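Worksheet: the structure to be examined is printed underneath.
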Amino acid sequence: AALREGYERFDPAAYLHNNYLPPRADFSSEDFVVPWKLRCLAETFASGEGWGWGGCSGGKPPQESCSRMGKLRHGLGEQLSAHPLPAAPSKPFPSPVLTARREPWQEKQRRLRARLRRILPIDVHQPHPLGSPLCPPADALLSAFCLEAVSPDHAAFTRALAHVGTLLRPGGHLLLLGALGESFYLAGAARLPVVPLSEDDVRAALADASFALLDFRSYSMPPALRTGVDDVDGVFFVHAQK
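Its first residue numbered 77, the sequence shown is counted upward by one per residue in our numbering.
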């Protein structure tokens, strides 16, 4: 009930401001958290792990989706229904993500949107999160700060991870970004609960969901980035294989 009430008051612009502008999204140094997250993703996609054509992206934020995943499907939560893509904003958030290779952000945005097939509702607490089995299963799945933010406890987080795993083909790749030690975050007037996770919790949930862990990285949130918009201790990045 608290989670549903919080999302009814969720302010996406405030969430983006809190997390994807300086100081957290300071691109003057790779020591800040947003450059760290993007580096984890970039290094993994550049590793040549045989990424396929079909990919799913679950959770938030879209800035962390990668154009190497040929067909992206964004799960935005069970309160949404499938609908056409909205008109593109005048400028992406944040533009440094799109201009890292000195490519105009408008062109990067155009290519990324061309790869986005549909926006689908998803309920990670159901055995089939999309309502029915995904056919064909995805080659890769990216979930960013989603599962712990919609799970009331550790058991629910573990089940949710197993449920999203059903979207992957055998041998498919899971990329997971999430919060460590976080119990709440703010998005405007909304204060949303989060199940606090430790590294051991994440590793155990992956094992229970039959994922083989390929890479685990963690980032400790420095005092300068603890701005009061949450109580997060750190961030984890996982690359696992079904």
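C-beta atoms are modelled at their ideal positions from N, C-alpha and C, and glycine is treated no differently. These figures come from a predicted structure and were not determined experimentally.
Given residue i, which residues of its chain have a CB within under 7 Å of its CB, disregarding the five upstream and five downstream residues?
i      : result
His230 : Val271, Asp277
Ala78  : Pro269
Gln202 : His239
Give me whichever residues DSSP pairs with residue i in a beta bridge.
i      : result
Arg239 : In the sequence as presented, Arg is not what sits at residue 239; that position holds His. BP columns for His239 are empty, so no partner.
Tyr295 : Val311
Tyr261 : Leu268, Asp306
Gly254 : Phe312
Gln317 : His249, Ala288
Leu244 : Ala214
Tell me the rounded alpha-carbon separation between residue i and residue j.
i      : j      : result
Gly254 : Asp307 : 13 Å
Phe312 : Gln182 : 30 Å
His204 : Leu244 : 12 Å
Thr120 : Phe103 : 20 Å
Leu223 : Ser123 : 25 Å
Arg302 : Cys211 : 42 Å
Ser286 : Lys318 : 7 Å
Leu207 : Ile195 : Looking at the sequence shown, residue 207 is not Leu but Gly. Going from the Cα of Gly207 to the Cα of Ile195 covers about 14 Å.
Ala316 : Arg187 : 27 Å
Glu81  : Gly257 : 22 Å
Pro98  : Leu117 : 20 Å
Ala220 : Leu114 : 11 Å
Gly304 : Asn94  : 9 Å
Pro385 : Thr242 : The structure shown has nothing for residue 385, since the chain only spans 77 to 318.
Ser259 : Pro213 : 33 Å
Ala190 : Pro228 : 35 Å
Pro299 : Tyr83  : 28 Å
Pro197 : Pro180 : 31 Å
Assuming the contact rule is C-beta atoms closer than 8 Å, residue i and residue j should be a hit. Round their C-beta distance to whole Å, please.
i      : j      : result
Leu251 : Leu218 : 5 Å
Trp112 : Tyr295 : 5 Å
Asp215 : His249 : 7 Å
Val109 : Tyr96  : At roughly 10 Å, the Cβ-Cβ gap does not stay under 8 Å, so Val109 and Tyr96 are not in contact.
Leu273 : Val314 : With 8 Å as the limit, Leu273 and Val314 do not qualify as a contact, their Cβ atoms being about 11 Å apart.
Please list, in chain order, all residues of the same chain as residue i whose beta carbon is under 6 Å from its beta carbon, the five residues on each side excluded.
i      : result
Arg85  : Ala265, Ala266
Thr234 : Ala281, Asp284
Ala225 : Val270
Pro137 : Note on Pro137: pLDDT 48, under 50, position unreliable in the model; the coordinate value appears next. The answer is none, since no qualifying residue turns up.
Arg100 : Val109, Val110, Leu301
Asp107 : none
Leu161 : Residue placement at Leu161 is poorly supported in this model, since its pLDDT is 41, which falls under 50; the coordinates are not used for a value here.
Residues in its own chain within less than 8 Å of residue i by CB, not counting five upstream and five downstream?
i      : result
Gly247 : Gln317, Lys318
Glu275 : Leu256, Phe292, Ser294, Phe312
Gly310 : Ala255, Leu256, Gly257, Ser294, Tyr295, Ser296, Met297
Ser105 : Pro111
Ala232 : His201, Val271
Given 7 Å as the limit, tell me if residue i has its C-beta closer than that to any heavy atom belonging to the ligand GDP.
i      : result
Pro212 : As for the ligand GDP, it is missing from this structure, which has no ligand bound.
Evaluate the contact criterion for the region 278-291 versus the region 236-255: three or more CB pairs, one atom per stretch, below 8 Å. Touching, yes.
With contact counted as at least three CB pairs below 8 Å, one residue from each stretch, are the region 259-266 and the region 78-95 in contact? Because the criterion of three Cβ pairs below 8 Å is met, the region 259-266 and the region 78-95 touch.
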